[in-house]
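In this note's numbering, the protein residues as written are 4 to 93.
As structure tokens, the structure follows; a few thoughts come after it.
Laid out in structure tokens, this is it:
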């Protein structure tokens with residue numbers, strides 16, 4: 004029963020993402036400014052990453068650890084990650 008519900012939700016997410024959409028084109032200095040404003044000067048090695056069909060994706064180091072951050076202006080863009088996170092934590 005639960006598996007069928009997840010399959011239905013996955014199909015719905017896939018259908019939502021198949022529309023024409025141009026992801027945000029962010030300047031690296033904008034990204035640096037936002038991250039440093041929120042996290043301080045310890046954010047380093049901010050680098051654009053390939054991929055991200057619906058989002059602009061960057062890697063960064065903060066306090067010695069590696070992270071990936073994505074930026075999107077699409078409504079519901081982060082719901083997919085929340086759904087997958089919930090699915091994997093069951």
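For glycine and all other residues, C-beta sits at the position ideal for the given N, C-alpha and C.
Since the model is a prediction, treat every value here as computed from it, not as a measurement.
Let me check one thing: in DSSP terms, what residues is residue i bridge-paired to?
i, result
"residue 51", "61"
"residue 46", "65"
"residue 74", "59"
Check the C-beta distance from residue i over to residue j and give it rounded, since I have them as a contact under 8 Å.
i, j, result
"residue 62", "residue 71", "5 Å"
"residue 47", "residue 75", "That belief does not hold up - the Cβ atoms of residue 47 and residue 75 are roughly 24 Å apart, past 8 Å."
"residue 49", "residue 60", "Not a contact, Cβ separation roughly 11 Å."
Between which residues of its own chain and residue i is the CB-CB distance below 8 Å, once the five residues before and five after are set aside?
i, result
"residue 55", "26 and 73"
"residue 45", "65 and 66"
Would you mind sorting residue i into buried or exposed? The rule is 16 or more other CB atoms within 10 Å of its CB.
i, result
"residue 87", "exposed"
By Cβ distance, which residues of its chain are closer than 6 Å to residue i, with the 5 residues on each side in sequence left out?
i, result
"residue 37", "none"
Quick one: residues in its chain with C-beta nearer than 7 Å to the C-beta of residue i, no 5 flanking neighbours on either side, listed in chain order?
i, result
"residue 80", "57 and 58"
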